[in-house]
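**Q** I'd like to ask you about the structure that follows.
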Amino acid sequence: MCDVELLSPEQLCERVPGLTVESLKKSRYRGTGPPFMKANAKVVLYDWHSYIEWLRQTETTKSNRRHR
């Protein structure tokens with residue numbers, strides 16, 4: 000059995016607070032975002048489990064934000 004849960008950008012954004020379709024689009028263009036698949040020229044899909052794995056790689060214990 001295959002453990003793949005494919006989501007459209009809109010569906011992914013519904014699950015992740017603060018995530019927008021526009022930010023996903025920009026990160027795809029820049030090559031800085033989560034892995035994605037193209038079903039065809041117009042359909043982009045994300046695997047939920049791959050997204051979570053990618054997100055875990057961005058975990059940190061320190062904020063880069065400077066306090067004044």
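Under numbering that gives the first Met the number 0, think of the first position of the sequence shown as 0, with each following residue one higher. From the three backbone atoms N, C-alpha and C, an ideal C-beta is built for every residue, glycine too. A quick note: this is a predicted structure, and the numbers were derived from the prediction, not measured.
1) Return the CA-CA distance between residue 58 and residue 45, expressed in angstroms with no decimal places.
2) Around the Cβ of residue 50, are there at least 16 other Cβ atoms within 10 angstroms (buried) or fewer (exposed)?
3) Is it buried or exposed, residue 23, if we count other Cβ atoms within 10 angstroms and call 16 or more buried?
4) Look up residue 3 in the DSSP assignment and say whether it is helix, strand or coil.
5) With respect to the beta strand (DSSP E) encompassing residue 43, which residues constitute its N-terminal and C-terminal limits?
6) What is the C-beta distance between residue 35 and residue 27, in whole angstroms, given that I count them as a contact (C-beta under 8 Å)?
**A** Reading from the atomic positions:
1) As a working mapping, residue 58 is identified with position 59 in the sequence shown. As a working mapping, residue 45 is identified with position 46 in the sequence shown. Cα to Cα, the separation comes out at about 20 Å.
2) Counted from its first residue, the sequence shown places residue 50 at position 51. Residue 50 is buried by the Cβ-count criterion.
3) Mapped onto the sequence shown, residue 23 falls at position 24. Buried, because 16 or more other Cβ atoms sit within 10 Å of the Cβ of residue 23.
4) As a first step, residue 3 must be located in the sequence shown, where it is residue number 4. In the structure shown, residue 3 sits in coil (DSSP, three-state: anything other than H, G, I, E or B).
5) Indexing the sequence shown from 1 puts residue 43 at position 44. 43 to 46 is the extent of the beta strand (DSSP E) around residue 43.
6) To locate residue 35, count along the sequence shown from 1; it is residue 36. To locate residue 27, count along the sequence shown from 1; it is residue 28. The pair is a contact, with the Cβ atoms about 6 Å apart (cut-off 8 Å).
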